[in-house]
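Numbering (my numbering), first residue to last: 5 to 180.
Glycine is no exception: its CB is placed at the ideal position from the N, C-alpha and C atoms.
Note that the coordinates shown come from a computational prediction; the quantities given were computed from them, not determined experimentally.
Below is one structure; the comments refer to it alone.
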């Protein structure tokens, strides 16, 4: 028996200035993340976006009470600021703030990267050069099934990789 689940989430009906219901924020490492719904006239689905404006090494925001083992997660993001990284990403198979996969696209480095975070330590699986202009909307998508992971930016696949560090179901969300 196979079950499937599909949902498109926008933040257009959420209260501006607060973290949406059923989402939880945190950071792997140090810092104080601040994820809030904000108005943005350029939003792909108007009028709101979820924005990370705090500081931290690896801020994340996940959809609480989701549990997906195989599927995909996709986010539209715009890299606005950052001196060490200027990136947007997705997390999946998130068990807690110290154990999950992350894929991200970085405008400062012009690359797409795949990592796993285990026991609070981020480890690089693969990175590939890719154009990621800052202050423009991008679509980052990760398909995952068993050990197979595929990462695409703006419709182009940049990474295909097999890995089994983080197995089983977990939550999905965003990362900066």
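In this structure, does DSSP put residue i in helix, strand or coil?
i           : result
residue 133 : strand
residue 20  : coil
residue 167 : coil
residue 144 : strand
residue 121 : strand
residue 111 : coil
residue 153 : strand
residue 138 : coil
residue 161 : strand
residue 172 : coil
residue 7   : Any answer about residue 7 is weak, because its pLDDT of 45 lies below 50 and its placement is not dependable; what the coordinates show is given next. Coil.
residue 128 : strand
Distance, Cα to Cα, residue i vs residue j?
i           : j           : result
residue 40  : residue 56  : 7 Å
residue 24  : residue 93  : 18 Å
residue 16  : residue 44  : 10 Å
residue 7   : residue 170 : Residue placement at residue 7 is poorly supported in this model, since its pLDDT is 45, which falls under 50; the coordinates still yield a value, given next. When rounded, the distance between both Cα atoms is 21 Å.
residue 110 : residue 83  : 8 Å
residue 74  : residue 49  : 26 Å
residue 35  : residue 29  : 12 Å
residue 125 : residue 146 : 21 Å
residue 175 : residue 166 : 20 Å
residue 70  : residue 160 : 27 Å
residue 100 : residue 168 : 17 Å
residue 131 : residue 51  : 33 Å
residue 133 : residue 164 : 14 Å
residue 121 : residue 114 : 22 Å
residue 46  : residue 12  : 19 Å
residue 129 : residue 118 : 5 Å
residue 177 : residue 76  : 11 Å
Find out if the Cβ-Cβ distance for the pair residue i, residue j is shorter than 8 Å.
i           : j           : result
residue 67  : residue 26  : yes
residue 104 : residue 116 : no
residue 155 : residue 107 : yes
residue 62  : residue 21  : no
residue 180 : residue 91  : yes
residue 144 : residue 42  : no
residue 173 : residue 72  : yes
Nearest by alpha-carbon distance to residue i: which of the options is it?
i           : options         : result
residue 142 : 38, 157 and 132 : 157
residue 140 : 58, 81 and 20   : 81
residue 53  : 122, 19 and 118 : 19
residue 38  : 113, 123 and 64 : 64
So with Cβ pairs under 8 Å, would you call residue i a contact of chain C?
i          : result
residue 83 : Within the model displayed, chain C is absent; a lone protein chain is all it includes.
Checklist entry - Can you give, in chain order, each stretch of the beta strand (DSSP E) that sits fully within the region 23 to 103 and has at least 3 residues? => result 27 to 36, 39 to 43, 52 to 56, 59 to 67, 75 to 82 and 91 to 100
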